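Chains as they are written, first to last, in the numbering used here: chain P, 1 to 195; chain E, 1 to 146.
Glycine residues also receive a C-beta, built at the ideal position from the N, C-alpha and C atoms.
The model shown is predicted, which means the values in this text are computed figures rather than measured ones.
Everything below concerns the one structure shown next.
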């Protein structure tokens, strides 16, 4: 088989198929009014993008996308739905202005990609600045086979400190927003018991 | 969910491998894909699964919410603590090379501790967020209170 179909053709075919599936999922998310189905489809969307990351050889990103995007976010969105309700109100306002904004921004982004270096170009600025030092250093100075880990936890540990802080802040935010009613409930429970 | 016998049995079988896989992802992050973020989420998923099948009260007995809430800060403080430790050893903030006699060993210790901090914060934050939403969802709606 591989004699007839080159691997790069297969890779392109898989990529195109995945992008088509992504677009179909996105359109379905837009058109559905049942929020339960919408949450499930966004989970599928995350899983599809995780597969795309695997095609790009970014397994660490794919792993994060699959566990966070497809896994825990779906559960958290379902938990949110149990608070807000399962139906979406269909808005009657016109969609022309949002469509125009999307077209203009999307066109500008597409126009911008014309100036980008080719995918995987070894002479691209991103691959010439600090990346060679990181690739050499993570073998010599850090001795960690997974370069992603050495970049994430050592070279760029300030960023990761900030990211962990973001997650901590998100947790604090949820506690502050949803915690006050819980206290009230607990207080009424106590008075109910004593009465 | 007392009547879902199959779900309960499967959940009981699945939870230990999920926790073990989370620990594998956590500690094998140096060699393969994975790390604190992914491991934390997988670890939290086991508790979320337990809460979904056996109920929030049973899950709260396993992981008391006030302790899990505390761990969200513990992980981040562990991360910052590694940085402060390297400051005290005379190196820049979060420079792991001074944490051991050998710079490479120092880097390994630093990465291990920092990833551990990330894992603890991510896992406990995810469990806490799920907990608050689930708790909120089973309260009477805003209008029903009075």
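Beta-carbon proximity check, residue i vs residue j, cutoff 7 Å
i, j, result
"residue 79 of chain P", "residue 134 of chain E", "yes"
"residue 36 of chain E", "residue 119 of chain E", "yes"
"residue 38 of chain P", "residue 32 of chain P", "yes"
"residue 62 of chain P", "residue 50 of chain P", "yes"
"residue 32 of chain E", "residue 123 of chain E", "no"
"residue 44 of chain E", "residue 127 of chain E", "yes"
"residue 59 of chain P", "residue 30 of chain E", "no"
"residue 174 of chain P", "residue 129 of chain E", "yes"
"residue 15 of chain E", "residue 67 of chain P", "no"
"residue 117 of chain P", "residue 124 of chain P", "yes"
"residue 125 of chain E", "residue 76 of chain E", "no"
Residue closest to residue i, alpha-carbon to alpha-carbon, out of the options
i, options, result
"residue 26 of chain E", "E:111, E:47 and E:104", "E:111"
"residue 142 of chain P", "E:132, E:98, E:131 and E:124", "E:98"
"residue 19 of chain P", "P:52, P:7 and P:94", "P:52"
"residue 178 of chain P", "P:135, P:83 and P:73", "P:83"
"residue 107 of chain E", "P:14, P:105 and P:155", "P:155"
Residue i classed as buried or exposed, judged by whether at least 16 other C-beta atoms fall within 10 angstroms
i, result
"residue 55 of chain P", "exposed"
"residue 10 of chain P", "exposed"
"residue 143 of chain E", "Since pLDDT at residue 143 of chain E reaches only 44, below the 50 mark, its modelled position is unreliable, and the value read off the structure follows with that caveat. Answer is exposed; the Cβ neighbour count stays below 16."
"residue 17 of chain P", "exposed"
"residue 115 of chain P", "exposed"
"residue 13 of chain E", "exposed"
"residue 62 of chain E", "exposed"
"residue 90 of chain P", "exposed"
"residue 25 of chain P", "buried"
"residue 117 of chain E", "buried"
"residue 111 of chain P", "exposed"
"residue 8 of chain P", "exposed"
"residue 135 of chain P", "exposed"
"residue 222 of chain P", "Shown here, chain P extends from 1 to 195; a query on residue 222 of chain P therefore has no answer."
"residue 108 of chain P", "exposed"
"residue 22 of chain E", "buried"
"residue 34 of chain E", "buried"
"residue 145 of chain E", "Residue placement at residue 145 of chain E is poorly supported in this model, since its pLDDT is 42, which falls under 50; the coordinates still yield a value, given next. Exposed, by the Cβ-count rule."
"residue 72 of chain P", "buried"
"residue 1 of chain P", "Reliability fails at residue 1 of chain P, whose pLDDT of 47 lies under 50, so the model's placement of it is uncertain and no value is given."
"residue 176 of chain P", "exposed"
Rounded Cβ spacing between residue i and residue j (contact assumed at less than 8 Å)
i, j, result
"residue 64 of chain P", "residue 38 of chain E", "6 Å"
"residue 20 of chain E", "residue 158 of chain P", "Their Cβ separation, rounded to whole angstroms, is 32 Å, which puts residue 20 of chain E and residue 158 of chain P out of contact at 8 Å."
"residue 132 of chain E", "residue 161 of chain P", "The pair is not a contact, with the Cβ atoms about 25 Å apart (cut-off 8 Å)."
"residue 114 of chain E", "residue 153 of chain P", "5 Å"
"residue 87 of chain P", "residue 35 of chain P", "7 Å"
"residue 59 of chain E", "residue 47 of chain E", "6 Å"
Residue i CB to nearest heavy atom of the ligand GDP below 6 Å
i, result
"residue 75 of chain P", "Looking at this structure, you won't find the ligand GDP or any other ligand, since it has none at all."
Kindly confirm or deny that the segment 64-77 of chain P and the segment 41-53 of chain P touch, where touching means at least three C-beta pairs closer than 8 Å.
-> Contact holds: three or more Cβ-Cβ distances are below 8 Å.
Contact between the segment 154-174 of chain P and the segment 49-56 of chain E: three or more CB pairs below 8 Å?
-> The segment 154-174 of chain P vs the segment 49-56 of chain E: no contact.
Could you say if the segment 146-154 of chain P and the segment 77-87 of chain E meet the contact criterion of at least three C-beta pairs nearer than 8 Å?
-> By the Cβ criterion, the segment 146-154 of chain P is not in contact with the segment 77-87 of chain E, since fewer than three pairs of Cβ atoms, one from each stretch, lie closer than 8 Å.
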